[in-house]
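Residue numbering for the sequence shown follows my numbering, beginning at 713 and increasing consecutively.
We treat Cβ as the ideally placed atom computed from N, Cα and C, and that holds for glycine.
Since the model is a prediction, treat every value here as computed from it, not as a measurement.
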Amino acid sequence: MLDISAEQNRLVTAAFRDEMRHIADRAAELDEDRSFPSEDIARLTAIGALASPFARIEDGERPVAPEELLQGLILLGTASLPLGRLFEGHVNAAELIRRYGTREQRERVGRDAKNGCLFGVWNTEGAEGVRLARANGHITLLGAKTFATGAGFVDRPMITARDEDDRLFMVLPRLDKTARADLSAWRAHGMRASATGTFCFTGLVVEPDDIIGKGGDYHRQPHFSGGAWRFCAVQLGAMERLIEEARSSLRRSGRDSDPHQRARMGEALMAVETARLWTERAANIAEADDAPLPPAAENIVAYVNLARCAVERAGLDVMELVQRSIGLSAFLRTNAVERICRDLATYLRQPAPDRTLCEGAAYALRSDQAIGELWR
Ligand SMILES: Cc1cc2nc3c(=O)[nH]c(=O)nc-3n(C[C@H](O)[C@H](O)[C@H](O)COP(=O)(O)OP(=O)(O)OC[C@H]3O[C@@H](n4cnc5c(N)ncnc54)[C@H](O)[C@@H]3O)c2cc1C
């Protein structure tokens, strides 16, 4: 793994760890439709964690070492998946702007982040999508984003929009005071506090300086797929928490020496460690691109794609094992396991899982390298 350099900014401080305990305590009461972890975001702002992914962004430097970010995302996932999802989107925006923004744009977002602005990345959309419409010498946005986390709460959403030639651009629009978020459809099984809704951008004027990078940059590989390790890390945190909850439950009920319970615990530990090894390695491989000899983009993409699938499988296995170990109590509303399983099951739904697995497999099928050398 790469070392955390002394100049790099710290995310996982003592204050951050301390805050995670309070966030975990608040998560149950936030498990409601139309809720949002405003207090958690305010606390992360107060301890500098929200600004941390944007630190030194003006220089295009990587603000937080990947190992540190990995650790932070896991801890967030352990405390609260909705908050972890929001933070992961905030980091994703920082990474895209750091990579593709101009110095002026990076300086501007760096100032916004210091002032407590929450960022997000909203790409998902319905059939119409969001367009860049040219009229009377202006460019305006037309259309809406769907499944947008923090809709109505994110201050600076980075969105994708197509121009008249169907090229996809990243846009950082300046929001007005109009109520544009619609959370009415977010009556979700889990991740209720993530405020994942529809947001209408129609009529917002786009200045040239609001466009980040060139057409097609958003999907540029290996960064587009490679960044998936970050949501894997958040999901991993929740898996670790579920196993801790199962361990406490088994000890409390005096069922921890039962051989069936031990076998299930062993299987859950294997699954979660598998998820951790894949996630750590995916982070390492995906973030090695600043090193002198970057691995080929498709090699990185294949590895992270497979990591995504391995983590999903581990998450599904951990939930089943924990639920079977605890039994019916794991399905009662006051039990944290009930909520975390709903949150995790929902958050594990990521785009095109079948294609992700098949693309990972296709890479290995095309390659003439020994299987054991594919990622070494
Ligand atoms: C909590 C949460 C927050 C989110 N926040 C954001 C956000 O802030 N910004 C954002 O942009 N998005 C966000 N999303 C949306 C996310 O990025 C995905 O778009 C969404 O999760 C896709 O889920 P899906 O199960 O509908 O995926 P799908 O890709 O539709 O997959 C469903 C199933 O269909 C299969 N499938 C997919 N494509 C095809 C096809 N062409 N033919 C046949 N089968 C197919 C898949 O393999 C899978 O089996 C969020 C999602 C969640 C769960």
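Ignore the nearest five residues each way along the sequence and tell me which others in C944's own chain have a CB closer than 8 Å to its CB. A987, W990, T991, A994, A1019, R1020, V1023
Who are the Cβ neighbours of R1078 in its own chain at under 7 Å, not counting the five residues just before and after it? none
Measure the alpha-carbon distance for S965 versus V1030 and round it to whole angstroms. 20 Å
Exposed or buried, which one is G1039 when buried takes at least 16 other CB atoms within 10 Å? exposed
Measuring alpha carbon to alpha carbon, tell me which of A754, L798, Y812 ends up nearest R774. Y812
Tell me the residue span of the beta strand (DSSP E) that contains I1038. Careful: I1038 lies outside any beta strand (DSSP E), inside the alpha helix (DSSP H) at 1009-1038.
By the DSSP assignment, the alpha helix (DSSP H) with I809 in it spans what residues? 793-812
Quick one, are the C-beta atoms of P885 and D922 less than 7 Å apart? yes
Answer yes or no: the CB of Y1059 versus the heavy atoms of ligand 1, is any distance below 6 Å? yes
Note down the Cα distance separating N848 from F913, rounded to an integer number of angstroms. 18 Å
Just mark A767 as buried or exposed, buried being the case when its beta carbon has 16 or more other beta carbons within 10 Å. buried
Considering only residues of the segment 917-948, which uninterrupted alpha helix (DSSP H) runs meet the minimum length of 4 residues and lie entirely inside it, listed in chain order? 935-938
Report the CB separation of A1014 from A1076 in whole angstroms; it is logged as a contact under 8 Å. 7 Å
Under the criterion of a Cβ to heavy atom distance below 6 Å, does Q1062 qualify as lining ligand 1? yes
Going by the beta-carbon positions, is the gap between T910 and D929 smaller than 7 Å? no
Given 6 Å as the limit, tell me if T872 has its C-beta closer than that to any heavy atom belonging to ligand 1. no
Who are the near neighbours of S937 in its chain, counting only those whose CB is closer than 7 Å to its CB and skipping five residues on each side? V1013, V1016, N1017
Whole-Å CB distance - Q947 paired with G789, under 8 Å assumed: 6 Å
What separation, rounded to the nearest whole angstrom, lies between the Cα atoms of E1050 and F1043? 5 Å
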